[in-house]
Structures are given as structure tokens and as C-alpha cells.
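Novice: Have a look at the structure that comes next, please.
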Amino acid sequence: MLNLRSEKWFARKGKDGFIYRAWMKNQGIPDDEFTGKPVIGICNTWSELTPCNAHFRELAESVKRGVLEAGGLPVEFPVMSLGETLIKPTAMLYRNLMSMTVEESIRANPLDGVVLLVGCDKTTPASVMGACSVNLPMIAVSGGAMLTGKHQGRNLGTSDLWRFDAENKSGKLTAEEFRMIEGAMCRSRGHCAVMGTASTMACMIEALGITLPENAAIPAADSRRKVLAQLSGRRIVDMVKEDVKPSDIMTRELFENAVKINAAIGGSTNFMIHLMAIAGRLGVPLTLRDFDHLAKDIPLLANLEPSGKYFMEDFYYAGGLPAVIKELLPHLHGTVRTVSGQTVVENNQNAQCYNRDVIASLDKPFQQKAGTAVVYGNLCKDGAVIKPSAASPHLMKHRGQAVVFETIEDYHERINDPDLDVTEDHILVLKNVGPKGYPGMPEVGNMQLPAKLLQRGITDMIRISDGRMSGTAFGTTFLHVSPESAAGGVLALVREGDWIEVDVEERRLHLDVSDEELEKRRETWKPLPEPTDRGYVKMFLDYVQQAHKGMDLDFLQGSSGSEVTRDSH
Ligand code: FES
Ligand code: MG
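What follows is the structure, encoded as C-alpha cells:
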């Protein structure tokens, strides 16, 4: 006999059972559905304001079909949804709030298991974080990437936006063509078609063992995406019967696998922040240093934009994530179990690669070392990160003078000033774009170069900030400087003309200013005033942790479990 959590609602006698069942019956649910059937919540991040997830109502229908086939009762419910492109000032400000809506919606309701429908960048970590803090059986299904954009015979993905913007500014592209490209780039349902943060997250959850194999790469428009959703609906019912919880699956081993797999695919730097936040919910130890040390010998096996050439669609046709995992098996924990009921080896050992120009073999990688480097120094005592695969080799070791912007507004105001004293050897330093400083840590770390350098054909220079960078962006950018300037980090004390030394090989980021001088500067330093003293943003400012800890609110770490002891009537 199944011992179902939902029976605490639906198997009740008397007034309470009446209330719990009667109102559900208004949806046309027969009486016998309330006995002995796992109730499966479909946690839907659908929203027309999250264009990447706008097709999720349809995807939910496929999940429902699977749940019904396996003898469960599917119930779809909405949670807060975050779209990268529309939400101001940055979707990251609300990731933790969204995770709270997921967590509380799952715990408060008569659910035995959950299917998370996730897509656009933040919707994945927020949903997983929330679900982990309840720890009911859970499986995730991504919405899939868009088809490759096409424009005048050229392939396009979101990463090209940064190039088009630069071409538009330097006069290479007409305003009319710039406008036409909008429709060509986003021509199908799904999330960004490159290995940006959304696809990185889709790979992350497959690597963490909480999706069925192939989840990461099937395009949103491909009917096999619906098949995967249906199979996931079937599988969650069995997971409830087997009582397989996230904490059973997502052990340190799978987190280590995820870090290595992310390096091999050249995933987004945002991955680090989200993975640490998820680990924090489960109590799995994971530090910023782990990312560097676990991945430092992992080669780049995927040739995908923004670091490489191809798109998510090509990635799927070439074999998708299973083909990468199969290559990487010698580096991975292979015997750990995933939600499929099979181990990592069993899930992936029969994967095939159909295009070696897209997915490399372990002995002929696209790049020998692909991991994100974590650098330390007086400028970032708790670390800063750089993605070498998206950076310029000639800038990996450099000494240059700082051109300092106090805020992003200051940067916008002055960056294209022809009188700005800047050359390609300078280092652009941007302050006050960290978790508290903005607030929400926006993706502005890949600051556009000064127009006068772009016009001279310069395409890269060193940039340092406490902000993030879009997973679709590239450049020699040191990001996530921790502690951030708004929290009194040394970054706050950098002045125009200071010398900065960068040495990625040595993992070093150093401000060449004496400790005495820095102490003197600190005496006159004042943080910017907080932007508000009320609402969620106030709570965020009071409790958000620094980037090197995953930026969760400190009191959200850990789990409250699934038990609710009190009734509502
Ligand atoms: Fe949603 Fe890129 S904007 S994934
Ligand atoms: Mg993004």
C-alpha cells in the first residue's frame, strides 16, 4: 500500500476531507481519483512575459499525459516566472523570490511529487532551489532552445546580438538591417539558441541527474521535446512509489560531475552562482575554489556559441549532452543513480557522436583546458572568475592602468566620450554592480568597449567588475569580484590610473596600491545610499549573500522539508 502525502488532504473524513475534495471536483475529477493515486504537481513557469517559456502550457499537456498513463493525478500550477529580456532591473534580483514561490507552493499543497517545467535562465535554478528545500520526489523538464536563427544565409544566435550592436555602433550595419535581424534571430519557440545561461542550466540539471537523458539539447520545436515531457510525467509517478527524493539523487558526486560537464561544454559563468545556491539548499558542501580545482584539467568538448561556432540545434543533432558525458566518463562519478533509475554510465554509455566538429572526443578536444578560472588577490579576497574560453589569450597576463566607473550610469555617460583617456592596454573597472550594489548583480560585466577603440578594430580589452556577464557574452572579463564594492570590498577603493596586475595562469588579480594607501582611502569611502527601505528589495539587501556563496538569501539555505502539521479550517 502506498503511503501518500496527499492522503493527508484527500483521504480525510468529515468536514476537512469534504472541503479538500469538493472544490477540486469543480474541475470534473471523479471521486475515485482521490484514492491511492500519486498527485503530481506540474510546477509551470509559463508566462507570456517570459517568451522563452511561452510554450509551456502545451508542454504541460504532454507531462499530464504521462502522469495519467502511469496512474497519477496531474495538477498544473503557476509560480512566479522570470524572463531575462523584459524584467528590470535584472531577473537575478528576483531569483530567490521566485524560489520562495516554488518552495511554498509545493509544500502547502497536497502533492506527492513534482515536475518542474523550466527554461529561461533563472527559471531553472529558482525552481530547483525551491523544490530542493521541500525535498519531495522531483523531476525537471526543460523547454528546449530555439531553432538556429537565420538571416540572409547566415546563422544567428543570441550571442550575435553583442556583435551586431558593435557593428551597428561602428556603422557597419544599417538601422534597417539591425531591425530585420530581430525577427530572424528569435524565429521559434524556446530559449536562447546558444550555450548561454538557459542552455547551461538545461545541461546542469541533466548533469545533476534530475532530468531524463537528452533533456539538455532537444530543440523546443522538435516533437521529441514533448516525448521527453511525457516520459518524465510517467517517470515521476514511479519515483513517488520508489520514494526517490532530490537529496537521494543530488549528492556531492553529481555536483562534481556537473562542474566538470559545465567546463566541457563551455557553459556560462552564471552556472557557478546557481550551482552553489542549489547546493546550499541541500547542504552539499561546494565552494568557489571547487569550480577551479575540479575543472582545471577538463578539456573543451563542445564547439558552441558564444565560445565556439555552433548552436544548440546542432548540438542535439551531433548527439547532445549524452555524447559529451560519454566522452567525459573517465573524469566522472559513473555509478551514481539519476532520476531515470539508471546510473550515469547506464544513461550515457550508448550515446553516439554524429559530428566531431560539434562534439570533440576526449583525445582531440577543441581546447586543452576549459574550466572557469577563479582568481584571488587584494582586489578580490573571496575570488573573482573569468571564463578563459571566452577571453583573449594575449590578455591572460597583463599589467594596465584602471579607467574607473563608479556606477553603470557613469559608464554609459563617459564610455564613448572621444576625450576619455583610454587605450586597449587600459583596464576598465566598473563598481557597484554586485548583489547589493545594483541591487541584483546585473549582466553588465562584459562592458562594451569605447567606440573610439571599436572603430579602430579593437575587439577586446580587460574589464573588471563585481557584476555578472550574460552567458551569451564573451571577452576578457573578470566577474563576480567578491566582496563587492557596495559591501566595502577593495574594488570600491580603486582610483583612476591605479595599476592592476592580471595573471590567469597564476590565478592572480592584484591592485598595485599599498595597504597603507588603501586604508587611507577607506577612511573617506562611503557606500551609495540603499535604493529602497521597503518590500522584497529591502529584504534582498538585508539578507543576500555575496557572489562567491551563490547569492541566495542567507535564511533560505537548507530545507524545511515537506511536512505541514496544521490545517486551514
Ligand atoms: Fe530566455 Fe535567453 S532570454 S534564455
Ligand atoms: Mg541570459
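The opening residue of the sequence shown carries number 2 in our numbering; numbering runs sequentially from there.
Don't be surprised by glycine CBs; every beta carbon is placed ideally from N, CA and C.
1. Residues around the ligand FES, please: the condition is that the C-beta lies closer than 6 Å to some non-hydrogen atom of it.
2. Between which two residues does the alpha helix (DSSP H) holding E207 run?
3. At 3 residues or longer, what runs of the beta strand (DSSP E) sit wholly inside the segment 485-560?
4. Given a threshold of 16 other Cβ atoms within 10 Å of its Cβ, counted over all protein chains shown, does E294 qualify as buried or as exposed?
5. Exposed or buried, which one is F479 when buried takes at least 16 other CB atoms within 10 Å?
6. DSSP puts G114 in a beta bridge; with which residues?
7. Measuring alpha carbon to alpha carbon, tell me which residue in E328, L276, D315, V285 is nearest I299.
8. Assess contact between the segment 482-500 and the segment 435-442, defined as three or more Cβ pairs (one per stretch) separated by less than 8 Å. Is contact present?
9. In terms of alpha-carbon separation, which member of G468, T424, P440, V405 lies closest to L454?
10. Please report the residue range of the alpha helix (DSSP H) in which I30 lies.
11. Under a three-way DSSP split, which group does A221 fall into?
12. Following a CB-centred definition, is P220 positioned closer than 7 Å to any heavy atom of the ligand PLP?
13. When you compare the CB positions of S160 and T460, do they come within less than 8 Å of one another, or not?
14. Report yes if the CB atom of D113 is closer than 8 Å to the CB atom of V40, and no otherwise.
15. P323: which of L87, N216, R523 sits nearest, CA to CA?
16. Is the segment 120-128 in contact with the segment 187-203, if contact means three or more CB pairs nearer than 8 Å?
17. Bridge partners of W311, per DSSP?
18. Does the beta-carbon distance from G281 to D553 come in below 8 Å?
19. Please determine, among Y21, L3, K16, the residue with the shortest C-alpha to C-alpha distance to W10.
20. Ordered along the chain, which non-local residues of its own chain (more than five positions away) have a Cβ less than 6 Å from that of A55?
21. Among all the DSSP beta bridges, which residues are the ones paired with H152?
22. With a CB to CB cut of under 8 Å and the five nearest residues on each side skipped, what residues in its chain are close to I107?
23. Is the CB of E105 under 8 Å away from at least one CB in chain C?
24. In chain order, what are the residue ranges of uninterrupted beta strand (DSSP E) at least 3 long that sit wholly in the segment 434-468?
25. Going by DSSP, name the residue or residues bridged to Q402.
26. Between which two residues does the beta strand (DSSP E) holding C381 run?
27. Between the C-alpha atoms of M470 and E257, what's the straight-line distance to the nearest angstrom?
28. Among A493, V545, K521, which one has its Cα closest to the Cα of T408?
29. Hey, could you find the ends of the alpha helix (DSSP H) L74 is sitting in?
30. Cβ of A199 within 8 Å of Cβ of L148?
31. What are the complete alpha helix (DSSP H) segments, minimum 4 residues, inside the segment 235-283?
32. Residues in the same chain with beta-carbon distance under 7 Å from L5, minus the five sequence neighbours each way, listed in chain order, please.
33. Taking C-beta to C-beta, are V491 and L330 nearer than 8 Å?
Specialist: On the basis of the coordinates in this document:
1. Selection output, chain order preserved: C53, E85, T86, C121, D122, T159, H192, C193, G197, A199.
2. Locating residue 207 in the sequence shown gives position 206, counting from the first residue. Run containing E207: 198-208, per the alpha helix (DSSP H) assignment.
3. DSSP runs (the beta strand (DSSP E)) wholly in the segment 485-560: 500-504, 509-512.
4. Here residue 294 refers to the residue found at position 293 when the sequence shown is read from its first residue. Residue 294 is actually His in this sequence, not Glu. So H294 ends up on the exposed side.
5. Stepping through the sequence shown from its first residue, residue 479 is reached at position 478. The residue in question, F479, is buried, as its Cβ has 16 or more Cβ neighbours within 10 Å.
6. Translated into positions along the sequence shown, residue 114 becomes position 113. G114 is bridged by DSSP to I41.
7. Walking along the sequence shown from the start, residue 299 turns up at place 298. Per the Cα distances, E328.
8. Yes, since at least three Cβ pairs between the segment 482-500 and the segment 435-442 fall closer than 8 Å, the two stretches touch.
9. Reading the sequence shown from its first residue, position 453 is the one you call residue 454. Nearest option by C-alpha distance: T424.
10. Start at 1 with the first residue of the sequence shown, and residue 30 comes out as number 29. Annotation: I30 is outside any alpha helix (DSSP H) and is labelled neither H nor E by DSSP.
11. Locating residue 221 in the sequence shown gives position 220, counting from the first residue. Residue state, collapsed to three classes: coil.
12. Annotation note on the ligand PLP: not contained in the displayed structure, which lists the ligand FES and the ligand MG as its ligands.
13. For this step, residue 160 is matched to residue 159 along the sequence shown. For this step, residue 460 is matched to residue 459 along the sequence shown. With a cutoff of 8 Å on beta-carbon distance, S160 and T460 are scored as not near each other.
14. The residue given as residue 113 occupies position 112 in the sequence shown. The residue given as residue 40 occupies position 39 in the sequence shown. D113 places its beta carbon less than 8 Å from that of V40.
15. Locating residue 323 in the sequence shown gives position 322, where the first residue counts as 1. Among L87, N216, R523, the Cα nearest to that of P323 belongs to N216.
16. Touching, yes.
17. Numbered from 1 along the sequence shown, position 310 holds the residue referred to as residue 311. In the sequence as presented, Trp is not what sits at residue 311; that position holds Tyr. The partner list for Y311 (beta bridge, DSSP) reads L305.
18. Looking up residue 281 in the sequence shown gives position 280. Looking up residue 553 in the sequence shown gives position 552. It is a contact, given that the beta carbons lie within the stated cut-off.
19. What you label residue 10 is simply residue 9 of the sequence shown in a count that begins at 1. When each option's Cα is compared against that of W10, the closest is Y21.
20. Numbered from 1 along the sequence shown, position 54 holds the residue referred to as residue 55. Same-chain partners within the cutoff: E49.
21. Indexing the sequence shown from 1 puts residue 152 at position 151. According to DSSP, H152 bridges with R155.
22. Stepping through the sequence shown from its first residue, residue 107 is reached at position 106. Excluding residues within five positions, the ones whose Cβ falls inside 8 Å are G42, C44, V115, G131, A132, V135, L137, S563.
23. Given the protein chain composition of this structure (a single chain), no chain C is represented.
24. Counting whole runs of 3 or more residues, the segment 434-468 contains the beta strand (DSSP E) stretches 463-466.
25. For the purposes of this step, residue 402 is taken as residue 401 along the sequence shown, with counting starting at 1. W500.
26. For the purposes of this step, residue 381 is identified with residue 380 of the sequence shown, where counting begins at 1. Per DSSP, the continuous beta strand (DSSP E) segment holding C381 begins and ends at 381-387.
27. Residue 470 sits at position 469 when you count from the first residue of the sequence shown. Residue 257 sits at position 256 when you count from the first residue of the sequence shown. The straight-line gap separating the alpha-carbon atoms of M470 and E257 is approximately 23 Å.
28. The sequence position of residue 408 within the sequence shown is 407, counting from 1. Per the Cα distances, A493.
29. By 1-based counting over the sequence shown, the position of residue 74 is 73. According to the DSSP assignment, L74 belongs to no alpha helix (DSSP H) but to the beta strand (DSSP E) extending over 74-79.
30. The residue you call residue 199 lines up with position 198 of the sequence shown. The residue you call residue 148 lines up with position 147 of the sequence shown. No Cβ-Cβ contact shorter than 8 Å links A199 with L148.
31. Within the segment 235-283, the complete alpha helix (DSSP H) runs of at least 4 residues are 247-250, 253-266, 271-283.
32. Numbered from its first residue, the sequence shown carries residue 5 at position 4. Take L5, set aside five residues on each side of it, and the residues of its chain with a beta-carbon closer than 7 Å to its own are P39, D113, in chain order.
33. Working through the sequence shown from its first residue, we reach residue 491 at position 490. Working through the sequence shown from its first residue, we reach residue 330 at position 329. No; because the gap between Cβ atoms is not below 8 Å, this pair is not in contact.
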